[in-house]
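S.K.: Counting along the sequence shown from 1, when you hit position 115 you're at 115 in full-length UniProt numbering, and nothing is skipped either side. For each residue, glycine too, the CB sits at the ideal point set by N, CA and C. Sharing a structure, written as structure tokens. Questions coming.
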Amino acid sequence: MTLARNMQGNKMIACGPGVEQHCDKNLYVSGICYLFDTKLHNPQNITTGYQKCLKGKVDLVFLFDGSASMKTSEFMTIKQFMIDVMKELWNSSVHFAAVQFSEDAKLEFDFNDYTSNRNPEQLLANVVHAEQITNTFRAIKFVANEVFIPERGTRKEANKVIVIITDGDASDRDRGHIEAVKKKNILRLIIGIGNHLNSPDSQENLKRIASEPTSQFFKILASFDELKDSFNDLQSNIFAIEGTSDSRSFHLELSSSGFSADISQDHVILGAVGADNWAGGILEQQQDFAGERFITTPSVRKEMEGAYLGYTLSFLQHRQKAFYAVGAPRYQHMGRVLIFEVDAKTQNWTLKQEIKGQQTGSYFGGVLCAVDIDGDQETDLLLIGAPQYFTETRGGQVYAYGWEEDNLVLLGEFNGDLGHPLGRFGAAITDLADINGDGQTDVAIGAPLEDEERGAVYIYNNLEKTLLMEYSQRITGASISPGLRYFGQSIQGKTDLRGDGLISITVGALGKVMVLQSRPIVNVATQVTFEPKEIPVKDVECAGNSKSWQNINLKLRICFNNSFATESYKGHLSAKLLFRLEIDPDRVKYRGEFRNGKNIINGAEEISLKPVCVLEEINITNCIEDYLSAIKLLVNLSLEEDDLLKTGLPRPILNPLSNRTMVEIPFDKNCGTDDICVADLKITFHSSGSKELVVSPQYPLEMNLELVNQREDAYFTMLYVPLLPGLSFRKHSVLKYNALVILQCNSMLRRQDFQGLACNVSHPIYRNSTKALIQLQFGVLENMDWKENLEMVAYVTSENEDNETLQNNRAVHSIPVKYPINIIIKRLETSNQYIDFSSERQENKTVTHSYQVTNWALGKFPPPKVLVYVNVPTKVPSGLIWKIGKILTVDPDVNCQPEKNMTLRNYPTLIKHWPVDEYLIYKCDLGQINSSMIHITGMMSTQNKSEHSLQAKLSTALWVEFDTGRYKNVYSHEFVQVQVTEIEVIIMMNYLPIIIGSVIGGLFLLILCIVVLYKCGFFNRNYKQKIENQGENENAAQTADNPEDGAEKEGSNTEKESQNKLLTEPSNTENETQ
């Protein structure tokens, strides 16, 4: 059943597309429609797509092969196939005859036999397999001349058909037989069977026999078993032949006209999905329904078969041009929508556009809905449903197309909720009269199989000339009635059934129709005022002395102005408004709180059509990090839901566009009189940074940048350093500043438009006239292919700098890249440190100074080439002779040459005071060495005998040069070593007289001393006698104390006295002798 109404709503058409009619064994299906006025009086009957039963007669001869190449079982299969065909078509206008051909053609039964007896088993009971050669062309001639004649029962008005069944090539030749058959309008349908027809040549020979087109009248079967399944193809060909007596045959027989309908422009347009073998089409009713015109694609296309064109219809109007969108949901199984333009003068239809489906089996185009959002009689959107579109989480999809010039382009897709892969979202789509109070059209989309086939309806509201992609309401069948099924399979919503100014929506379900009543929409305009108008930054920012920080209290006044959005509603407003205030709803850390100590507070007020106001306070805490972006206050509104109001009126609902209001409370700005801050940032590389890059992790690169803001406050200043290969960011610091600067770096940032280091500088505001010296430190990687120079780039950005001042926001600086080495020069122990000469004779002595040069590369890179300079004296003090010998190098052995172009400025600092004219410089090119020794030898001699001593020094020096542009000696700045040999000439003297005189003088002095001692009585003293007497007295005292030991001690004393005498006697003798 199809229902449609015109745009004015004063006419309606109802169609039944399933009117059946039997013709022979065929079933014809057409439609019938009734056109009603607003009062449903005197409906007009429209019979559409009706096809008369025109029976075309067919005389068909089975010309079947009986050659010896065919087995008996295969021959019997052919026989059974003929029996089956005749049985299926016994009650039709087809008459049969049969001829077996081999070497000769044999008539098995003719048309007269069939007319008198239609039992195929009896007609073919006496057929015997001939088993001879295959004279196909002779048999065709026999049928044309001997069978298709009146005497054999051929009907004059019947179409003549030969069905040739064979398993191989003809044994004879065509001698004009096929041309003769063509002239007699005898159709030839060839069925080739078996392996003998596998070759292309055999198939081409049979094609020459078949009628045109050969694709329809020629068929090859791989085996005789397939013959059993060929009846349907043969029956289709017979029916096609049977209907050729009328040009309209097999065109509208299955039209199902009225499957869709449109009467928007007072033109009745009906869809005929079954026309042309279900390719489909459109039937345009002529004036007064005197006739109808069939409309399809400009040319008959084979791919249109089974497309169901006309399944849906929708009238479109754009720029005063008339268009029709026609759905073909089974086109190539993908679905397609054809857009026709109708010429206003000629009424000719032109195909302008084809919109293709996107998924096989989605039934794209199965539902169409044209939407005029603003009611200007111009179509704004075409909604195309694909209810069988499938994903793992959703079932069904609706596509929204809008105009671009005179073509429709895709604007977006609508989808149902997740979790319903078989929900059939988009099975019904309709435009609704205004239900949200904005005076414009809304849309409802049905999903009858969601919620386990209970169904749901989605409501979408408009947005300017399109629709919001998110639904405003989802109405489930379960919420309407627990037992409801397929809720949403049809929808209509343009009528006010209660007469209260509210639109009713009629929704179809299984066996039921549900009427949903729309509700009055309430607009609530929220107005927020606050005092002070701006928050003083100096009171809340984290800068300066914390004693000056203080909280700020904001006084809020929030007023709600209420009205009905549904202007047609005739009731009054009485509801409870629930409000929720939230500070900084999008932030984790909010910057203020209400009196309850939180950033959220709830409230409720009874409202009517008069304004309602409430008062609140916000406490802004001190030390706020972000004082650039305003504090946001979110006001969320809702209406309290009661089952029914006390007045019994329908419950009002808050307009979704009114339920959320965001207010910003700004901070004051240091931006001058215009209140617009314009920054001017300047960045330069500071000279205190690294002068060179040393390729070693031990020597980080220090990038020092000076950042100055030359104008007003800069917002969200960012410092960027593009990626420097081989460097890794380590740390950052602010070395100098004239105002507090906070630097935060996010290591390496990787975005599509930038890769490198990104640092925010004093977010959110980098104050005017602020100057800071920023240091960024990078670690250096060794395993890199470094160039000779490192080019560093840095630039800064802010959100409020004019393009005219951006030229100084970028700085470039280049420094050399050097590899670290350690060159050590030391003197060897084999060097002569001292030599002396005698003044009595002339001597020659060799002087050697030995040096060792070590060249260490502190990394995985080759050492530099080394050039050694040796400074050798050419002059010595008077009395000495110095001859330079050789300058020898060991590992490598090179020839050192005197250097004549050396200037004083090239000398190392240590020897710059040496007289240039007294020394000779040798240059030794050692190349890339690790270690080498240099030996300086020469001959030093005295000129003649000298009467005076002489002391002198012989000094040599050695220093090295290398490529200081690519290498850096990290442990020393001077590459020089000096050796000194002390030289002394000694005067030789005769010391014998001095020795003799000294001995004599000493003896004389000794004698004098003895005489003086003698005269003084030194040798006559009684010191010894005194010691002996003292000993005797001590012994006597000890004897008196110990009488028992007296004898023993006495004996001991006697013994001691005897020993003393022995010791003193020789002494006395000696003295006496003297």
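So Cys23 is in the beta strand (DSSP E); what residue range does that whole segment cover?
M.R.: Element bounds for Cys23: 11–23.
S.K.: Would you mind working out which of Ser314, Arg660, Gly488, Ser481 sits nearest Arg580, comparing C-alpha positions?
M.R.: Of Ser314, Arg660, Gly488, Ser481, the residue nearest in Cα terms is Arg660.
S.K.: Could you say if the stretch 771–783 and the stretch 705–712 meet the contact criterion of at least three C-beta pairs nearer than 8 Å?
M.R.: With a cut-off of 8 Å, the stretch 705–712 and the stretch 771–783 count as touching, because enough Cβ pairs lie within range.
S.K.: What would DSSP say about Leu910, mapped onto helix, strand or coil?
M.R.: Note: Leu910 maps to helix in three-state DSSP.
S.K.: Can you tell me whether Leu1013 is helix, strand or coil according to DSSP?
M.R.: The answer is helix: DSSP assigns Leu1013 an H, G or I state.
S.K.: Select from Met70, Ala180, Leu227 the residue whose C-alpha is nearest the C-alpha of Asp169.
M.R.: It is Met70 whose Cα lies nearest to the Cα of Asp169.
S.K.: What is the DSSP secondary structure of Phe36, reduced to helix, strand or coil?
M.R.: It is a strand residue.
S.K.: Taking DSSP's pairing of strands, which residues face Ile624 in a bridge?
M.R.: Note: Ile624 sits in a beta bridge opposite Glu541.
S.K.: So within the stretch 937–963, which uninterrupted beta strand (DSSP E) runs reach at least 3 residues, ignoring any that extend past its ends?
M.R.: Those beta strand (DSSP E) runs which fall completely within the stretch 937–963 and span 3+ residues are 950–961.
S.K.: What residue does the alpha helix (DSSP H) around Asp713 start on, and which one ends it?
M.R.: Note, Asp713: premise wrong, no alpha helix (DSSP H); not H, not E.
S.K.: If you drop the 5 nearest sequence neighbours on each side, which residues of the same chain put their C-beta closer than 7 Å to that of Gln492?
M.R.: Taken in chain order, the residues that qualify are Thr430, Thr506.
S.K.: Answer yes or no: do Ile994 and Ser949 have a C-beta to C-beta separation smaller than 8 Å?
M.R.: For Ile994 and Ser949, no; Cβs fall outside 8 Å.
S.K.: Leaving out five residues on either side along the sequence, give the residues of the same chain with a beta carbon under 6 Å from the beta carbon of Ile355.
M.R.: If we look at Ile355 and ignore the five residues flanking it on each side, its Cβ neighbours are Val337.
S.K.: Taking the continuous alpha helix (DSSP H) assigned at Ile220, which residues delimit it?
M.R.: No alpha helix (DSSP H) holds Ile220; the beta strand (DSSP E) holding it covers 218–221.
S.K.: If we call anything under 8 Å between Cβ atoms a contact, is Val522 one with Ala565?
M.R.: Yes, they are a contact pair.
S.K.: Grab the span of the alpha helix (DSSP H) containing Ala180 for me, first residue to last.
M.R.: From DSSP, the alpha helix (DSSP H) with Ala180 extends over 177–183.
S.K.: Would you call the stretch 121–131 and the stretch 144–155 touching, i.e. three or more CB-CB distances under 8 Å?
M.R.: Cβ pair count under 8 Å is below three, so no.
S.K.: Rounded to whole angstroms, how far is the Cβ of Asp59 from the Cβ of Lys160, which I believe are closer than 8 Å?
M.R.: Their Cβ separation, rounded to whole angstroms, is 5 Å, which keeps Asp59 and Lys160 in contact under 8 Å.
S.K.: Sorted by chain position, which residues of the same chain lie with C-beta nearer than 6 Å to Leu516's C-beta, five sequence neighbours on each side aside?
M.R.: Same-chain partners within the cutoff: Ile505.
S.K.: In terms of residue numbering, what span does the beta strand (DSSP E) encompassing Asn562 cover?
M.R.: Here the beta strand (DSSP E) through Asn562 covers 552–564.
S.K.: Using the DSSP secondary-structure output, state which residues sit across from Thr874 in a beta bridge.
M.R.: In DSSP, Thr874 forms no bridge with anything.
S.K.: Between which residues of its own chain and Glu1050 is the CB-CB distance below 6 Å, once the five residues before and five after are set aside?
M.R.: With a pLDDT of only 45 at Glu1050, under 50, the local geometry of the prediction cannot be trusted, and the value read off the model is given with reservation. Excluding positions up to five away in sequence, the list is empty.
S.K.: When the Cα atoms are used, what is the spatial distance from Cys671 to Pro585?
M.R.: Going from the Cα of Cys671 to the Cα of Pro585 covers about 28 Å.
S.K.: Helix or strand or just coil, what does DSSP make of Gln203?
M.R.: The answer is helix: DSSP assigns Gln203 an H, G or I state.
S.K.: Going by DSSP in three states, Ser247 sits in which element: helix, strand or coil?
M.R.: Per-residue confidence for Ser247 stands at a pLDDT of 36, beneath the threshold of 50, marking its modelled position as unreliable; the derived number appears in the next sentence. Ser247: coil per DSSP, three-state reduction.
S.K.: With distances taken from CA atoms, which of Cys559, Gly511, Lys538 is nearest Val524?
M.R.: Nearest of Cys559, Gly511, Lys538 to Val524, Cα basis: Cys559.
S.K.: Would you call the stretch 781–797 and the stretch 651–666 touching, i.e. three or more CB-CB distances under 8 Å?
M.R.: Judged by Cβ distances under 8 Å, the stretch 781–797 makes no contact with the stretch 651–666, as fewer than three pairs qualify.
S.K.: Determine the direct distance from the alpha carbon of Ala139 to that of Phe62, and round the result to whole angstroms.
M.R.: If you take the alpha carbons of Phe62 and Ala139, they lie about 11 Å apart.
S.K.: CA-CA distance, Asp668 and Asn768?
M.R.: So the alpha carbons of these two residues sit roughly 15 Å apart.
S.K.: Is the stretch 822–841 close to the stretch 749–763, with three or more CB pairs under 8 Å?
M.R.: With a cut-off of 8 Å, the stretch 749–763 and the stretch 822–841 do not count as touching, because too few Cβ pairs lie within range.
S.K.: Scan the stretch 816–853 and note each continuous beta strand (DSSP E) run of 3 residues or more that stays entirely inside, going in chain order.
M.R.: Taking only runs of at least 3 residues, the beta strand (DSSP E) segments lying wholly in the stretch 816–853 are 834–838.
S.K.: Who are His318's beta bridge partners in DSSP?
M.R.: Lys321.
S.K.: Lys52: buried (16+ other C-beta within 10 angstroms of its C-beta) or exposed?
M.R.: Result: exposed.
S.K.: Tell me the residue span of the beta strand (DSSP E) that contains Ser638.
M.R.: Per DSSP, Ser638 belongs to the beta strand (DSSP E) from 631–639.
S.K.: Let me know the secondary structure DSSP gives Gly1051 once reduced to three states.
M.R.: A caution first: Gly1051 carries a pLDDT of 46, below 50, which makes its placement in the model unreliable, though a value can still be read off. Residue state, collapsed to three classes: helix.
S.K.: With residue 1113 as the anchor, note down where its alpha helix (DSSP H) starts and where it stops.
M.R.: With the chain running from 1 to 1074 in the structure shown, residue 1113 is simply not present.
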